[in-house]
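Visitor:
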Amino acid sequence: MAQELKVELEGVSKDAIGGVIEQEELEPAGAPPARVGFWVFIAGEVIILLSLIASAIYFRLTYPHWHETSTFTNVIISTINTFILLTGSLTAVLAHHFAFADAWKKARRFLLLTMLCGLAFVGMKAYEYSLEIHHGFYPNTDPFWMFYYTITGIHGLHVFAGACILFGVWLYVRKTKSKYAVENAALYWHFVDLVWLYIFPMFYLT
Amino acid sequence: MSAAETSWVKQYLFSTDHKVIGKQYLLTGLFMALIGGILAVAFRTNLASPGVLSDSAYLRLVTYHGSIMFFWVAMPVLLGGFGNLLIPLMIGARDMAFPTLNMLSYWTFVVSAIVLILSFFVPGGGFSGGWTIYPPLSAMPDAFLGEHLGTILFLLAVALEFASMLMGGVNFIATIITMRTKGLSFFRLPLMIWMQLIASVLFLLSVTPLIAGAFMLMMDIFAGTHFFTVTAEHTGNPILFQHLFWFFGHPEVYVILFPALGIIAEIFPANTRRPFYSYKTLVWTAIIAGVLSFLVWAHHQFVAGINPYSAIWFSVFTVAISVPFSISLVVMGLSLVNGSIRFTAPMVWAVGAYAMFIIGGLTGLPLGAFTADVYFHDTYFVVAHFHYTVFTIAVLSAIAGLYYWFPKWFGRQLNETFGKWHAILTLIFYNGFAFPGFFLGLAGHPRRYASLGFFEYLHEYQWVHVMMTVSTYLLFATQLVFAVYFIYAIFKGKKVEDPNPWKATTLEWLAPSPPPHLNWGNTHPIVEHDPYEYAVNGELKAKGIDFLPQGKLYVLKKSDAEKQEQEG
Numbered sequence: 368m369a370q371e372l373k374v375e376l377e378g379v380s381k382d383a384i385g386g387v388i389e390q391e392e393l394e395p396a397g398a399p400p401a402r403v404g405f406w407v408f409i410a411g412e413v414i415i416l417l418s419l420i421a422s423a424i425y426f427r428l429t430y431p432h433w434h435e436t437s438t439f440t441n442v443i444i445s446t447i448n449t450f451i452l453l454t455g456s457l458t459a460v461l462a463h464h465f466a467f468a469d470a471w472k473k474a475r476r477f478l479l480l481t482m483l484c485g486l487a488f489v490g491m492k493a494y495e496y497s498l499e500i501h502h503g504f505y506p507n508t509d510p511f512w513m514f515y516y517t518i519t520g521i522h523g524l525h526v527f528a529g530a531c532i533l534f535g536v537w538l539y540v541r542k543t544k545s546k547y548a549v550e551n552a553a554l555y556w557h558f559v560d561l562v563w564l565y566i567f568p569m570f571y572l573t
Numbered sequence: 004m005s006a007a008e009t010s011w012v013k014q015y016l017f018s019t020d021h022k023v024i025g026k027q028y029l030l031t032g033l034f035m036a037l038i039g040g041i042l043a044v045a046f047r048t049n050l051a052s053p054g055v056l057s058d059s060a061y062l063r064l065v066t067y068h069g070s071i072m073f074f075w076v077a078m079p080v081l082l083g084g085f086g087n088l089l090i091p092l093m094i095g096a097r098d099m100a101f102p103t104l105n106m107l108s109y110w111t112f113v114v115s116a117i118v119l120i121l122s123f124f125v126p127g128g129g130f131s132g133g134w135t136i137y138p139p140l141s142a143m144p145d146a147f148l149g150e151h152l153g154t155i156l157f158l159l160a161v162a163l164e165f166a167s168m169l170m171g172g173v174n175f176i177a178t179i180i181t182m183r184t185k186g187l188s189f190f191r192l193p194l195m196i197w198m199q200l201i202a203s204v205l206f207l208l209s210v211t212p213l214i215a216g217a218f219m220l221m222m223d224i225f226a227g228t229h230f231f232t233v234t235a236e237h238t239g240n241p242i243l244f245q246h247l248f249w250f251f252g253h254p255e256v257y258v259i260l261f262p263a264l265g266i267i268a269e270i271f272p273a274n275t276r277r278p279f280y281s282y283k284t285l286v287w288t289a290i291i292a293g294v295l296s297f298l299v300w301a302h303h304q305f306v307a308g309i310n311p312y313s314a315i316w317f318s319v320f321t322v323a324i325s326v327p328f329s330i331s332l333v334v335m336g337l338s339l340v341n342g343s344i345r346f347t348a349p350m351v352w353a354v355g356a357y358a359m360f361i362i363g364g365l366t367g368l369p370l371g372a373f374t375a376d377v378y379f380h381d382t383y384f385v386v387a388h389f390h391y392t393v394f395t396i397a398v399l400s401a402i403a404g405l406y407y408w409f410p411k412w413f414g415r416q417l418n419e420t421f422g423k424w425h426a427i428l429t430l431i432f433y434n435g436f437a438f439p440g441f442f443l444g445l446a447g448h449p450r451r452y453a454s455l456g457f458f459e460y461l462h463e464y465q466w467v468h469v470m471m472t473v474s475t476y477l478l479f480a481t482q483l484v485f486a487v488y489f490i491y492a493i494f495k496g497k498k499v500e501d502p503n504p505w506k507a508t509t510l511e512w513l514a515p516s517p518p519p520h521l522n523w524g525n526t527h528p529i530v531e532h533d534p535y536e537y538a539v540n541g542e543l544k545a546k547g548i549d550f551l552p553q554g555k556l557y558v559l560k561k562s563d564a565e566k567q568e569q570e571g
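In structure tokens form, the structure reads like this:
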């Protein structure tokens with residue numbers, strides 16, 4: 368075989384060299400690492416939230432007053448919040464759609480809208496907490512409120528983190544135009560949305 | 004990027020190069036191992052001559068010894084160190100999938116180690132409730148131990164360590180799935196890579212429930228909730244924490260076990276000059292054992308007040324998990340049959356580790372069967388059993404791997420004779436400190452007591468403790484000599500000429516020793532064969548070939564743009 372190119376790698380044995388190859392022949396056919404890595408991360412997050420929910424169900428089986436305590440939660444605010452999150456999911460999907468259609472101006476606008484939904488949710492949730500604390504329901508009041516504050520609190524933190532991620536991506540894609548950054552931000556948003564769809568019936572509609 | 008262009012800080016401290024990060028993990032792990040070893044020496048001294056330490060200091064040292072050896076030695080060395088150093092080289096990639104995340108993972112780990120060491124010295128002292136952090140000891144630190152700050156910092160350190168290892172785990176999984184070079188299908192991956200992949204998945208799936216448990220624990224400490232604490236008005240459930248902990252804790256053992264098996268599975272074929280006995284069997288048994296490991300956790304809780312009917316099922320699954328492990332150990336043993344074995348230093352270590360795994364595995368069976376465990380639980384039998392598994396993993400297998408890959412990683416040699424003596428002495432002293440534990444356990448010696456004072460029926464066994472302690476001293480001294488020699492050899496060892504000193508087949512041996520930044524220069528490895536094509540008694544032997552490297556390096560043609568740039 369004609370050795371038309373020099374091996375710029377010191378300290379390799381000659382037997383190890385097999386020939387010459389075009390750069391194009393090496394392109395890995397698999398999924399992009401950013402996508403795989405993020406799905407793996409989401410898998411971990413799902414299990415954290417799932418374990419908390421499972422623990423709540425485990426406690427609920429032996430706690431007789433779960434149902435009557437749950438009637439003190441604010442169904443109106445939480446329903447509005449549910450709609451805010453679902454609206455955010457719609458805008459996240461649109462951001463993803465426009466990013467992959469290379470309409471970056473629209474994509475970034477929808478990213479920002481999704482972020483605003485996240486902030487609105489967190490604001491409403493904070494207001495709801497203040498009402499509950501005002502009525503004398505604390506995390507250590509009983510098992511229901513204990514799980515209520517822990518799980519919705521962690522979920523709220525996730526929504527806030529999601530808003531931060533969306534803002535970060537909004538800045539990041541301005542120059543890089545990274546489709547996968549938008550995809551992952553949208554994915555994260557759907558994840559927090561999905562978790563809420565478990566939390567909502569569990570604490571408000573039970 | 005050449006060395007001249009990058010600053011020292013970027014090249015050695017905040018590097019994103021997988022090899023530098025791997026070495027950082029390795030050396031940090033070594034440092035923490037010294038701390039863990041010193042703690043062991045200290046509390047073993049107290050067991051040999053009671054009164055050297057106060058009872059609470061004894062418990063504190065035992066707690067830190069266990070946590071350090073698990074989270075700050077075994078995991079960073081076997082996953083952070085070996086994983087980072089080997090995965091890109093063995094799959095023919097230039098770096099990990101997320102190099103910056105990788106660097107972040109290491110530095111989070113460093114912070115966690117610093118917080119852990121700090122937690123030991125704060126007022127009130129470090130946490131002393133055992134590495135299992137069971138509530139109420141951990142959830143009500145004021146009420147029981149008076150170590151409020153120490154407990155919180157301890158929990159923070161563990162949380163940071165988990166965060167670091169999760170970042171690493173996500174990186175490992177994404178890298179192995181997406182960055183394999185051309186021709187490297189899943190069933191051509193070297194066994195070490197399979198084991199790293201399975202370990203990373205197990206860690207991700209098992210540590211996450213414990214993170215949820217840690218949230219609840221933190222709420223108990225800071226917000227006064229009663230998830231795990233029990234008071235007159237509120238009934239929490241401390242057993243729930245045990246469930247969440249052991250749902251993590253048992254797979255966690257396999258998280259470090261699998262990379263250790265991977266090391267042995269790499270060393271055996273290269274030193275027997277025969278293909279691995281059954282590659283696919285080892286992969287599938289590891290996967291099956293990994294799945295089963297999520298169904299056995301409550302065998303750690305047989306005496307904790309769980310439902311006896313569920314104990315039956317956990318016993319059944321625990322005994323069932325010994326089937327895939329028995330098969331994988333048998334397959335490893337069969338890989339030695341008909342080989343032409345070279346007793347190099349790594350091979351001596353690997354054979355030693357293999358033998359010790361058998362003791363560790365077999366003594367697990369009486370602990371997994373709940374009728375027997377009611378007697379053995381919380382005795383020295385358990386201590387001896389898990390040292391036969393975990394010490395074998397974190398010390399014997401890891402050092403076997405160090406001897407094997409040292410020439411590749413550092414471009415220098417470790418002395419063969421030194422390595423063999425190191426192995427033999429380590430095995431003798433190790434058995435000297437661990438094996439008598441089985442008999443102490445059979446005699447009914449409970450663990451976690453600072454002295455035999457309470458137990459008159461055990462006073463006649465004090466001499467056994469003295470013997471175990473002397474063995475511990477000698478074992479620690481042996482490792483100390485090795486640690487000094489190891490550091491010396493990194494800088495002053497004899498340089499290796501041959502990039503493939505063991506005549507091994509996998510891709511990392513194609514690269515120069517040590518591999519440059521981005522590993523392959525202007526070439527790229529392409530895989531053409533299965534990972535262990537050695538010659539003994541096969542077709543290759545008939546052709547007169549000793550071994551067939553898994554792939555070859557191909558020189559990359561420059562694109563037109565690059566050519567122009569060079570000419571211009």
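If you read the sequences in order, they're chains D and C.
Throughout, our numbering is defined as the position within the first sequence, counted from one, plus 367.
Throughout, our numbering is defined as the position within the second sequence, counted from one, plus 3.
C-beta: ideal position from N, C-alpha, C; glycine also.
For C/Tyr-391, which of C/Phe-147, C/Asp-376, C/Tyr-407 and C/Thr-366 has the nearest alpha-carbon?
Guide: The candidate whose alpha carbon is nearest that of C/Tyr-391 is C/Thr-366.
Visitor: Candidates C/Val-322, C/Thr-374, C/Leu-430 and C/Leu-42: which alpha carbon is nearest C/Val-351's?
Guide: With distances taken between Cα atoms, C/Val-351 lies closest to C/Leu-430.
Visitor: Between D/Arg-427 and the rest of its own chain, which residues show a CB-CB distance below 7 Å, the 5 nearest in sequence each way excluded?
Guide: The residues are Trp-433.
Visitor: Are three or more beta carbon pairs between the stretch 142–153 of chain C and the stretch 107–116 of chain C nearer than 8 Å?
Guide: Segments in contact, no.
Visitor: Does the CB of D/Thr-543 have a neighbour CB from chain E at under 9 Å?
Guide: The structure shown contains no chain E; the protein chains it does contain are D and C.
Visitor: State yes or no: is the beta carbon of D/Pro-510 nearer than 9 Å to at least one beta carbon in chain C?
Guide: Yes, its Cβ sits closer than 9 Å to a Cβ of chain C.
Visitor: Determine the extent of the alpha helix (DSSP H) in which C/Ile-94 is found, giving its start and end residues.
Guide: First-last of the alpha helix (DSSP H) with C/Ile-94: 85–94.
Visitor: Between which two residues does the beta strand (DSSP E) carrying C/Thr-526 extend?
Guide: From DSSP, the beta strand (DSSP E) with C/Thr-526 extends over 526–530.
Visitor: Specify, as a first and last residue, the run of the beta strand (DSSP E) that C/Gly-129 falls within.
Guide: No beta strand (DSSP E) holds C/Gly-129; DSSP gives it neither H nor E.
Visitor: According to DSSP, simplified to helix, strand and coil, what is C/Thr-3?
Guide: There is simply no residue 3 of chain C to check, as chain C begins at 4 and stops at 571 in what is shown.
Visitor: Return helix, strand or coil for C/His-419, following the three-state DSSP convention.
Guide: The displayed chain sequence assigns Glu, not His, to residue 419 of chain C. C/Glu-419 falls in the helix class under three-state DSSP.
Visitor: Using a Cβ-Cβ cut-off of less than 7 Å, list which residues of the stretch 533–566 of chain D approach chain C; keep chain order.
Guide: Hits within the stretch: zero.
Visitor: Tell me where the alpha helix (DSSP H) around C/Tyr-282 begins and ends.
Guide: Counting along the chain, the alpha helix (DSSP H) containing C/Tyr-282 begins and ends at 282–295.
Visitor: For chain D, check one thing: does any of its Cβ atoms lie closer than 9 Å to the Cβ of C/Met-4?
Guide: Low confidence applies here, because C/Met-4 scores a pLDDT of 43, under 50, leaving its location unreliable and the question unanswered by this model.
Visitor: Got a sec: is the Cβ-Cβ distance from C/Trp-408 to anything in chain D below 9 Å?
Guide: C/Trp-408 does not count as touching chain D.
Visitor: Could you give the DSSP three-state label for D/Ile-384: helix, strand or coil?
Guide: Looking at D/Ile-384 - three-state DSSP - the assignment turns out to be strand.
Visitor: What's the call for D/Gln-390, buried or exposed, on a 16-neighbour Cβ count within 10 Å?
Guide: With fewer than 16 other Cβ atoms within 10 Å, it is exposed.
Visitor: According to DSSP, simplified to helix, strand and coil, what is C/Glu-536?
Guide: DSSP places C/Glu-536 in strand when its eight states are reduced to three.
Visitor: By the 10 Å Cβ neighbour count, where 16 or more other Cβ atoms means buried, how is C/Val-80 classified, buried or exposed?
Guide: C/Val-80 comes out buried.
Visitor: Quick check on D/Glu-435 - is its C-beta less than 9 Å from some C-beta in chain C?
Guide: Taking Cβ atoms only, chain C never reaches closer than 9 Å to D/Glu-435, which makes this a no.
Visitor: Using 8 Å as the threshold, is the stretch 440–450 of chain C in touch with the stretch 386–404 of chain C, meaning 3 or more CB pairs across them?
Guide: Contact between the stretch 440–450 of chain C and the stretch 386–404 of chain C is present, because at least three Cβ pairs lie under 8 Å.
Visitor: Against chain C, does D/Glu-412 count as a neighbour if the rule is that its beta carbon must be under 9 Å from one of theirs?
Guide: Closer than 9 Å to some Cβ of chain C, the Cβ of D/Glu-412 qualifies, so yes.
Visitor: Output needed in chain order: residues of the stretch 507–524 of chain C with a Cβ under 8 Å from some Cβ in chain D.
Guide: Residues Leu-513, Ala-514, Pro-515, Ser-516, Pro-519, Trp-523 and Gly-524.
Visitor: Note the first and the last residue of the continuous beta strand (DSSP E) segment covering C/Gly-554.
Guide: 554–559 is the extent of the beta strand (DSSP E) around C/Gly-554.
Visitor: Note down, in chain order, every chain D residue with its Cβ under 7 Å from the Cβ of C/Val-612.
Guide: What is shown of chain C runs 4 to 571, which leaves residue 612 of chain C out entirely.
Visitor: Once you ignore the five residues that flank C/Ile-402 on each side, which residues in its own chain have a CB closer than 6 Å to its CB?
Guide: Result list for C/Ile-402: Trp-352, in chain order.
Visitor: If you run the structure through DSSP and keep just helix, strand and coil, what is C/Phe-550?
Guide: Three-state DSSP puts C/Phe-550 in a strand.
Visitor: State the beta-bridge partners of D/Pro-568 as determined by DSSP.
Guide: Partner(s): none; D/Pro-568 has no beta bridge.
Visitor: My assumption, with CB atoms under 8 Å, is that D/Phe-467 sits in contact with D/Lys-544. Please give the rounded CB distance.
Guide: No, D/Phe-467 and D/Lys-544 are not in contact; Cβ-Cβ is about 11 Å, not under 8 Å.
Visitor: Alpha carbon to alpha carbon, how far is C/Gly-127 from C/Gly-554? Give it in angstroms, no decimals.
Guide: If I take the Cα positions, the gap works out to 58 Å.
Visitor: Mapping DSSP to helix, strand and coil, what is C/Val-233?
Guide: Strand, per DSSP.
Visitor: How is D/Thr-438 classed by DSSP in three states: helix, strand or coil?
Guide: Reduced to three states, the DSSP call for D/Thr-438 is coil.
Visitor: Could you name the residues of chain D that C/Gly-227 contacts, counting a contact when the two beta carbons are closer than 9 Å?
Guide: Result: Tyr-505, Pro-506 and Asn-507.
Visitor: Rounding to the nearest angstrom, what Cα-Cα distance links C/Lys-26 and C/Asp-376 in this structure?
Guide: If you take the alpha carbons of C/Lys-26 and C/Asp-376, they lie about 41 Å apart.
Visitor: Check the C-beta distance from C/Arg-276 over to C/Ser-343 and give it rounded, since I have them as a contact under 8 Å.
Guide: Rounded, the Cβ-Cβ distance is 5 Å, consistent with contact.
Visitor: Tell me, please, which residues DSSP counts as bridged to D/Lys-373.
Guide: DSSP lists no partner for D/Lys-373.
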